[in-house]
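J.:
Numbering (the numbering used here), first residue to last: 63 to 520.
1) Quick one: using the 10 Å Cβ neighbour count with 16 as the cut-off for buried, is residue 130 buried or exposed?
2) Does the CB of residue 346 have a neighbour CB from chain B at under 8 Å?
3) Please list, in chain order, all residues of the same chain as residue 297 whose beta carbon is under 8 Å from its beta carbon, the five residues on each side excluded.
4) With a threshold of 6 Å on Cβ separation, who are the neighbours of residue 139 within its own chain once the five nearest residues in sequence on each side are excluded?
5) I need the straight-line Cα distance from residue 369 to residue 246, nearest angstrom please.
6) Please report the straight-line C-alpha distance between residue 175 and residue 115, rounded to a whole angstrom.
7) Could you tell me which whole alpha helix (DSSP H) segments of length 4 or greater appear in the region 91 to 174?
8) Assuming residue 277 and residue 416 are in contact, meaning their beta carbons sit under 8 Å apart, how far apart are those beta carbons, in whole angstroms?
9) Any chance the region 146 to 156 sits against the region 100 to 116, with 3 or more Cβ pairs inside 8 Å?
10) Do you know how far the Cα of residue 239 is from the Cα of residue 249?
11) Leaving out five residues before and five after residue 345 in sequence, what residues of the same chain have Cβ atoms less than 6 Å from its Cβ?
12) If I measure Cβ to Cβ from residue 351 and keep anything under 7 Å in the same chain, skipping five residues before and after, which residues do I get?
13) Ignore the nearest five residues each way along the sequence and tell me which others in residue 508's own chain have a CB closer than 7 Å to its CB.
14) Compute the distance between the beta-carbons of residue 402 and residue 493, then report whether it is under 8 Å.
15) Could you compute how far the alpha carbon of residue 158 sits from the alpha carbon of residue 453?
16) Could you name the residues that DSSP lists as bridge partners for residue 400?
17) What residues in its chain sit with their C-beta under 6 Å from that of residue 375, if we drop five residues either side in the sequence?
18) Put residue 72 into one of helix, strand or coil per three-state DSSP.
19) Is the beta carbon of residue 456 less than 8 Å from the beta carbon of residue 446?
20) Which term fits residue 220, buried or exposed, when burial requires 16 or more other beta carbons within 10 angstroms of its beta carbon?
21) For residue 94, which option in 127, 136, 339 and 398 has the closest C-alpha, if you only look at C-alpha atoms?
22) For residue 67, tell me which candidate among 83, 224, 289 and 90 has the shortest Cα-Cα distance.
23) What is the residue span of the alpha helix (DSSP H) that residue 295 lies within?
24) For the putative contact between residue 372 and residue 264, defined by C-beta atoms under 8 Å, what is the C-beta separation to the nearest angstrom?
25) CB-CB under 6 Å to residue 78, same chain, minus the five flanking residues each way: which ones, in chain order?
26) By DSSP, does residue 367 sit in helix, in strand, or in coil?
27) Where does residue 102 land, buried or exposed, given buried means 16+ other C-beta within 10 angstroms?
28) Hey, would you say residue 476 sits closer than 8 Å to residue 432, going by beta carbons?
29) Where does residue 505 land, buried or exposed, given buried means 16+ other C-beta within 10 angstroms?
30) Could you give the distance in angstroms between the alpha-carbon of residue 339 and the alpha-carbon of residue 461?
31) Can you check whether the CB of residue 280 is closer than 8 Å to the CB of residue 484?
32) Could you spell out the range, first to last residue, of the alpha helix (DSSP H) harbouring residue 277?
33) Answer yes or no: do residue 315 and residue 451 have a C-beta to C-beta separation smaller than 8 Å?
34) If we call anything under 8 Å between Cβ atoms a contact, is residue 209 one with residue 328?
35) Write down the C-beta distance between residue 80 and residue 127 rounded to the nearest angstrom, noting that I regard them as a contact closer than 8 Å.
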């Protein structure tokens, strides 16, 4: 557990405890007040403070979390109004464990009932089993975790990295070592690595996870994958675009923000949106639009801007004119290469044909317009928000995309992007894993087995 940075102040009525705990889910915070003992737990942070006087929780007590600053401000009422709490600036004293009162140790000479023990309690205690004795002893101890005064932030010569929607975020992966985030490919270096370093790490990780035998097995036995390819997404066949009550409620909970992106940033946002929709389409198609507990992992693993904080564009062509927002076919293909690679290296079903179908889904979703795109983003947000770890990607990417698509994206540009994706071509050679050779080897093996069966039958 991490002891967070904190400070305490007071008014005549209450004590205010300000705790710095960035990148946490405020709904998971646990606060307990027992007289002069205050404790707070929210993974991975734990804080226990011993005050000189007693506090109470009443209607005036509050706890407010500001995700933009990462501070949780807890206001507790003084049991005796107007009483002064001394030494609130002495952090080591507040963190010190509560002194334990040791009772005198008495040696038991005899287990027989005496005048001092008429009920024979000593004898009954000795009859307890070892497990019962452990429970009794534990109940008599005041277990307290050791805490140290958190060190102040040290100035760094390296500027913290910015990431997420329009590079608006930082500090969300400071304590990533304390959370089991299987999606994060950067570890603690997410806060310091450059975009080039993230991209290199992403490509290396994809190469490490690539498994030729897995791909060949799915290519040889693809009956179920063919069923997934034939499935039709309900959003693409449903003409009703009216939002339901759940979607309207989610809409009202979105942040109120304004964005002023440059033309280049706007261009990249459209490309990033396409890669997020690809991951959504893959999960929707492989689960038949019925999300599973693995859906959050699947979506995050297949999205480069989530797992490696590496959004498009990936095509280094200086001649491309982004000011007109005309989507270049080469850049569209390059943006999907990373999505294809990840769909062939990480999830359960690894098929190039399935990846092609998911790209077709993305094109059709975009061609349907903002309402359908927004609905798909809301479903993605709902999946991520209900996960204990991956909700962070909803905070730094999906929330903003939901707002941006509603207020800033145009149906015309979405349709242009959808048309460009539909007409684009992602070749097997561009994946870099010699897929053609592996598929030829599978076909040769299958044809050889078929010839042997025919010979035996004859």
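No residue lacks a Cβ here, since even glycine has one placed at the ideal position from N, Cα and C.
T.: According to the structure data:
1) Residue 130 is exposed by the Cβ-count criterion.
2) Given the protein chain composition of this structure (a single chain), no chain B is represented.
3) Excluding five sequence positions before and after residue 297, the CB atoms of its chain that fall closer than 8 Å to its own CB belong to 427, 430, 434, 437 and 438, given in chain order.
4) Contacts found: 76, 118, 120, 122 and 123.
5) Residue 369 and residue 246: Cα-Cα distance of roughly 5 Å.
6) Low per-residue confidence applies at residue 175: pLDDT is 48, beneath 50, and the placement is therefore not dependable enough to give any value.
7) The DSSP assignment places 153 to 157 as complete runs of the alpha helix (DSSP H) inside the region 91 to 174, in order along the chain (cut-off: 4 residues).
8) Between residue 416 and residue 277 the Cβ distance is about 11 Å, and since that is not below 8 Å, they are no contact.
9) Taking one beta carbon from each stretch, the region 146 to 156 and the region 100 to 116 have 3 or more pairs nearer than 8 Å; the two touch.
10) CA-to-CA, the gap between residue 249 and residue 239 works out to about 7 Å.
11) Result list for residue 345: 357, 360 and 361, in chain order.
12) Excluding five sequence positions before and after residue 351, the CB atoms of its chain that fall closer than 7 Å to its own CB belong to 295 and 296, given in chain order.
13) Counting only Cβ-Cβ distances below 7 Å, and skipping sequence neighbours, we find 282.
14) Contact: yes.
15) A straight line joining the alpha-carbon of residue 158 with that of residue 453 spans about 34 Å.
16) None; residue 400 has no bridge partner.
17) Around residue 375: 330, 333 and 393.
18) Under the three-state reduction of DSSP output, residue 72 falls in the strand class.
19) Between residue 456 and residue 446, the CB-CB gap stays under 8 Å.
20) Unreliable positioning characterises residue 220 in this predicted model, as indicated by a pLDDT of 49, which lies under 50. The coordinate reading is nonetheless provided below. Exposed, by the Cβ-count rule.
21) For the residues 127, 136, 339 and 398, the minimum Cα distance to residue 94 belongs to 136.
22) It is 83 whose Cα lies nearest to the Cα of residue 67.
23) Counting along the chain, residue 295 falls outside any alpha helix (DSSP H), and DSSP gives it neither H nor E.
24) Going by Cβ atoms, the distance from residue 372 to residue 264 rounds to 5 Å, so yes, they are a contact pair.
25) For residue 78, the CB contacts under 6 Å within the same chain, skipping 5 residues up- and downstream, are 71 and 137 in chain order.
26) In this structure, residue 367 counts as helix in the three-state DSSP scheme.
27) With 16 or more other Cβ atoms within 10 Å, it is buried.
28) It is a contact, given that the beta carbons lie within the stated cut-off.
29) Note on residue 505: under 16 other CB atoms within 10 angstroms of its CB, so exposed under the neighbour-count rule.
30) CA-CA distance, residue 339 to residue 461, rounds to 14 Å.
31) Contact flag unset, no.
32) 274 to 282 is the extent of the alpha helix (DSSP H) around residue 277.
33) Not in contact: residue 315 and residue 451 (Cβ atoms no closer than 8 Å).
34) In this structure, residue 328 does not lie closer than 8 Å to residue 209 by Cβ.
35) About 11 Å separates the two Cβ atoms, so there is no contact after all.
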